[in-house]
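With the working numbering applied, the sequence shown covers 42 to 189.
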Amino acid sequence: MDVPKRIGLFYSLGPHFVRALRQVRAAHPHARITAIVPPGFPKAMLEHADNVLTVPPPPHGLRNAAALVRVLREQRFDRLVVLFDSPRLRVLARLSGARERWCCGPDGRHAALEGGILGTLLRGLGRKIRGHLTWARIWLEIRLARRL
């Protein structure tokens, strides 16, 4: 694996963005690190970033998602780091065009995001279906308990 020269760190709402930025800087002191943050993010917290790219939060609509992917592809990152291992961030990382895609979790561990888009989408769909089935089971149990 080559040493990444251009690293993007994608902000997600959570407490560990600044810590992840410090960790990426410590691991890659000579890389050009771009912090990808929402508008209004305090610039004082970005002292370990070489560049700041301000983008809207991950979109829910396809048109906005395509615009975000275009912006990320223009950056030509060697590595894109996301902060949570979610289906949406996995797909975004895959579509970014970055050679390597990593997740830096809240516990500070780093892991490569492997797998293709189809597998990621199917796993996400499976989780969503299981969640709805669990909700329906709980709803049904509550309704039946009220009748007893």
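From the three backbone atoms N, C-alpha and C, an ideal C-beta is built for every residue, glycine too. The structure presented is a predicted model; accordingly, all values stated were derived computationally and were not measured.
Neighbourhood of residue i by C-beta distance below 7 Å, restricted to the same chain and skipping five residues each side
i      : result
Arg131 : Leu154 and Thr161
Ala90  : Leu62, Ile74, Thr75 and Ala76
Met86  : Val59
Contact check, residue i vs residue j, beta carbons under 8 Å
i     : j      : result
Ile77 : Phe51  : yes
Ala67 : Leu124 : no
Rounded Cβ spacing between residue i and residue j (contact assumed at less than 8 Å)
i      : j      : result
Val110 : Ser127 : About 16 Å separates the two Cβ atoms, so there is no contact after all.
Val112 : Val65  : Rounded, the Cβ-Cβ distance is 20 Å, inconsistent with contact.
Arg135 : Ile158 : 5 Å
Arg142 : Pro45  : With a Cβ gap of about 11 Å, Arg142 and Pro45 do not count as contacting.
Chain-order list of residues whose beta-carbon lies under 8 Å from that of residue i (same chain, five-residue window excluded)
i      : result
Arg117 : Arg47 and Gly138
Phe56  : Before going on, a small fix: residue 56 reads as Pro here, not Phe. Cβ within range, chain order: Pro147.
Closest Cα partner of residue i within the set the options
i      : options                         : result
Leu114 : Gly49, Val44 and Glu182         : Residue 114 is actually Arg in this sequence, not Leu. Comparing Cα-Cα distances from Arg114 to each of Gly49, Val44 and Glu182, the minimum goes to Gly49.
Ala72  : His151, Arg168, Gly55 and Asp43 : Asp43
Ser53  : Arg168, Phe82 and Ala177        : Phe82
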